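Participant: Numbering (this note's numbering) for the sequence shown: 1478 to 2115.
Glycine included, C-beta positions come from ideal geometry on N, C-alpha and C.
Bear in mind the structure is a predicted one, so any value in this text is a computation, not a measurement.
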Amino acid sequence: MRLLRDGGSLAALIFPDPASRVAQLKLALKFFFIMLLLFGLNSIIFLDNSYTLEIFTGMVIILMLYGFVSCDTTNIVAGMLLWTLTILASYQAWHSNGLYGTAIIIFPSLLIFANIFAGKLLAYSLISYMLLLFYFFAYAEHSGFIASSIKDSGSIFKKANNLSFMLLMSGLGIGLATRNAKLLIGNLIHNIKKNDDIQLAVNKLVLFDNLTGLPNEIECNKHVIRRVANSHEDNNVFAFIILELTNFEWIYASLGQTIADRIICYLADRLEILHTDHSRLYRSSNNEFIYLIEASDYDEISEYCQQLIQAIARPFPVESFDIEMTSAIGVSILPFDGDNYQKLKQKAHAALTQAKNSRPNSFKFFESEMEASISKRVKMVQELKKAIALQEFELYYQAKVAMADQSVVGAEALIRWHKPGAGIVSPLDFIPIAEESGLINEIGKWALEQACLDCQHWHTLGLGNLSVAVNLSPLQFQRGNLPSIVLRALHNSKLAPSFLELEITESLFIDDSDFIKEQVSQLSTKGVDIAIDDFGTGYSNLNYLTKFHARTLKVDMSFIKDMQQSTQKENLVAAIIKLSAMMALENTAEGIEDHATYMKLRDMKCQYGQGYYWSRPISNKDFIARVKHWDVNDFPKK
């Protein structure tokens, strides 16, 4: 659009790059050279040599101009060409009846070329010259300088006027057409630029991370595809590196999104400092980054991973905090671990999992054993789906005992998987996989419904004071419909809410607390008890106890088992029990295995207990029989 405001030529819009303008001007020179050549041949054929010399002179001038054309001389050459042709036509008209000669017919065409190649200034000067030429010819004919068959001077000047009017009309039409063409082309250029800007903005949104400005996984995938296509060209090692901030969720929950986002931006800047000509950095997800790096050998990749870990380990100064981040890195190698993005990422994630399970701030290369582990987990997911469909799960119950008189007050439901051909599979083996795959929601729903049915059955058998405790996975809160599932299970089993206790772990606190708090509040309002399981092993925060309407604290068995040998753990257990009493909360100790531990906890005013001292987890049938014949004298006193 600037070209229009500045009075630029139409050629500058049609051919904005200098090379194309030069090419088109050369094409015009060739055209006019051929036209003059045809005129010259025509005069020779018909033995009219009156202006042959002038025509060939014009051709020589055009050849000279052709050699003079460059990016910097297009306007000059165009002007000289048009003036040469105009003067040549004027000369021919002078010798061919002046106003009645055929040469002046070319004038409108020259104005068109002037508007296209040179702009308004040349067009105005040419049309002014042509108008003056008409009246000069009229005067010359009237004075006898040009031989004419028309003797009436009025007719001669009338002819000049008519030609002038026609030339002005042609010039006006050419000018309007050129102006409209400029506007149209200018609008097209503006719209194209606008579309390009929109496309760039869309690409930025689609292909780049909004927070850090780093390219995302889509761009990463493109680069991997290009690298795979060219992998035969060199012998370098190409590594796919996934870097994860392992304590980022805790930072996010503790300090909030604003500080967490600032840490991610600081980290992106810090990681880009390590960027080289042979590496590329991408942001994969909330707490993950991907590095693609070409190296000469594995040692160079290992050294690079160490540099990444050290860069992350340095504290991040955010506001008044010096925040320390921990990380883990998984590495896969092209082409040994995969020949496409998904395979490389899958293998790198497998290595990342091993790194997280080993020690903080470590990295692992993918190994074939990890692939076997992945296959095993995939197979177990399929088997779990089958187990859900065929109802291969069963609930075992461990008695919950009042410490004061060792009477049974309830039981904790513990799931068991009766896998055909393999016996009972430990929950420690399949629950983590069920959580990763999302199957925990179906399994947890079944466990909740079955526990409510079993507890109501206890009541019909005369065991009306027993309650049942069911463990919940944090993932069961994600869909937001847990209260309706719980209340439906209570309604279908006709069990009163006060007999159901839901156990949630402290790891739940690092998630979206408001979202979870709302669901827990709904359950608590309906009379369902909430227990904090494994208290003291996670993110113990007194504020959460009130936020989540907890009624019971369960002291983790890791403290109870070693309590007799560790004064520190004994004091910790005593502190938790006193804390619960001060906050009007009930307390339950897990993992009681002998009489001495029972007596110690009873003296500490612990209210309830669970453990092998009274009963292991047993089937529902055995639990009912056990409770019916419960006798405190059956338990050893030493």
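#1: How many Å lie between Lys-1877 and Ala-1737 at the Cα?
#2: Quick one: give me the first and last residue of the alpha helix (DSSP H) that Pro-2132 is part of.
#3: Leaving aside the five residues before and after Leu-1959 along the sequence, list all residues of the same chain whose C-beta is less than 8 Å from its C-beta, in chain order.
#4: Pull up the CB-CB distance for Phe-1840 and Ala-1832, whole angstroms please, since I reckon it's below 8 Å.
#5: Tell me the rounded alpha-carbon separation between Leu-1588 and Asp-1673.
#6: Take the Cβ of Asn-2097 as the centre, count every other Cβ of all protein chains shown within 10 Å, and call the residue buried at 16 or more, exposed below.
#7: Mind checking which residues open and close the beta strand (DSSP E) that includes Gly-1807?
#8: Beta-carbon of Tyr-1577 versus every beta-carbon of chain D: anything under 8 Å?
#9: Note the first and the last residue of the continuous alpha helix (DSSP H) segment covering Leu-1964.
#10: Which one of Met-1880, Leu-1979 and Phe-1508 has the shortest CA to CA distance from Gly-1535?
#11: I need the DSSP call for Ser-2096, collapsed to helix, strand or coil.
#12: Restricting to Cα atoms, I'd like to know which of Glu-1912, Val-1945 and Pro-2094 is closest to Ser-1975.
#13: Would you mind sorting Lys-1822 into buried or exposed? The rule is 16 or more other CB atoms within 10 Å of its CB.
#14: Using alpha carbons as the reference points, say which of Cys-2083, Asn-1592, Met-1847 and Val-1537 lies closest to Ala-1654.
#15: Thinking C-alpha only, which one of Lys-1863, Leu-1649 and Lys-1503 is nearest Ala-1911?
#16: Helix, strand or coil: which one does DSSP assign to Ser-1573?
#17: Leaving aside the five residues before and after Glu-1980 along the sequence, list all residues of the same chain whose C-beta is less than 6 Å from its C-beta, in chain order.
#18: In terms of residues, what are the limits of the alpha helix (DSSP H) holding Leu-1925?
#19: Taking the CB atoms as reference points, tell me whether Tyr-1818 and Asn-1698 lie closer together than 8 Å.
#20: Suppose you measure from the CA of Asp-1989 to the CA of Ile-1669; what does that come to, to the nearest Å?
#21: Select from Tyr-1775, Leu-1644, Asn-1834 and Glu-1801 the residue whose C-alpha is nearest the C-alpha of Leu-1732.
#22: Helix, strand or coil for Asp-1799, going by three-state DSSP, please let me know.
#23: I need the DSSP call for Asp-1989, collapsed to helix, strand or coil.
#24: In or out: Met-2076 buried (at least 16 other Cβ within 10 Å) or exposed?
#25: Go through its chain and collect everything with a Cβ distance to Val-1683's Cβ below 7 Å, but skip five positions before and after it.
#26: How should Asp-1799 be labelled, buried or exposed, when 16 other C-beta atoms within 10 angstroms of its C-beta is the threshold for buried?
#27: Is it the case that the Cβ atoms of Tyr-1781 and Leu-1720 are separated by a distance below 8 Å?
#28: With a 10 Å radius around its C-beta and 16 neighbouring C-beta atoms as the bar for buried, classify Ser-1773 as buried or exposed.
#29: Do the CB positions of Gly-1575 and Phe-1614 come within less than 8 Å of each other?
#30: Taking just the CA atoms, how far does Glu-2063 sit from Gln-2041?
#31: What is the residue span of the beta strand (DSSP E) that His-1895 lies within?
#32: What's the call for Pro-2094, buried or exposed, on a 16-neighbour Cβ count within 10 Å?
#33: Is the beta carbon of Asn-1574 within less than 7 Å of some heavy atom of the ligand ADP?
#34: Give every residue of the same chain whose Cβ lies closer than 8 Å to the Cβ of Arg-2079, excluding the five residues on either side of it in the sequence, and list them in chain order.
#35: Using a threshold of 8 Å, state whether the C-beta atoms of Ile-1532 and Leu-1558 are closer than that.
#36: Assign Phe-1954 to one of three DSSP states: helix, strand, or coil.
Facilitator: Walking through what the data contain:
#1: If you take the alpha carbons of Lys-1877 and Ala-1737, they lie about 42 Å apart.
#2: Only positions 1478 to 2115 of the chain appear in this structure, which leaves residue 2132 out of reach.
#3: Within the same chain, Leu-1959 has close Cβ partners Leu-1949, Gln-1953, Gln-1996 and Leu-2000.
#4: 6 Å
#5: 35 Å
#6: buried
#7: 1804–1811
#8: Absence of chain D from the displayed structure is noted, only one protein chain being present.
#9: 1959–1970
#10: Phe-1508
#11: Here Ser-2096 sits in strand by DSSP.
#12: Val-1945
#13: buried
#14: Asn-1592
#15: Lys-1863
#16: coil
#17: Ala-1946, Asn-1948, Ala-2008 and Asp-2010
#18: Counting along the chain, the alpha helix (DSSP H) containing Leu-1925 begins and ends at 1917–1937.
#19: yes
#20: Note on Asp-1989: pLDDT 49, under 50, position unreliable in the model; the coordinate value appears next. If you take the alpha carbons of Asp-1989 and Ile-1669, they lie about 45 Å apart.
#21: Glu-1801
#22: strand
#23: Low local confidence applies: a pLDDT of 49 at Asp-1989 is under 50, so the model's placement there is unreliable, with the coordinate-based value given in what follows. In the structure shown, Asp-1989 adopts coil according to DSSP, grouped into three states.
#24: exposed
#25: Ile-1695
#26: exposed
#27: It is not a contact, given that the beta carbons lie outside the stated cut-off.
#28: Around the beta carbon of Ser-1773, a 10 Å sphere encloses fewer than 16 other beta carbons of the protein chains shown; the residue is thus reported as exposed.
#29: yes
#30: 23 Å
#31: 1885–1896
#32: buried
#33: No copy of the ligand ADP appears in this structure; indeed no ligand is present at all.
#34: Met-1880 and Ala-1881
#35: no
#36: Three-state result, Phe-1954: helix.
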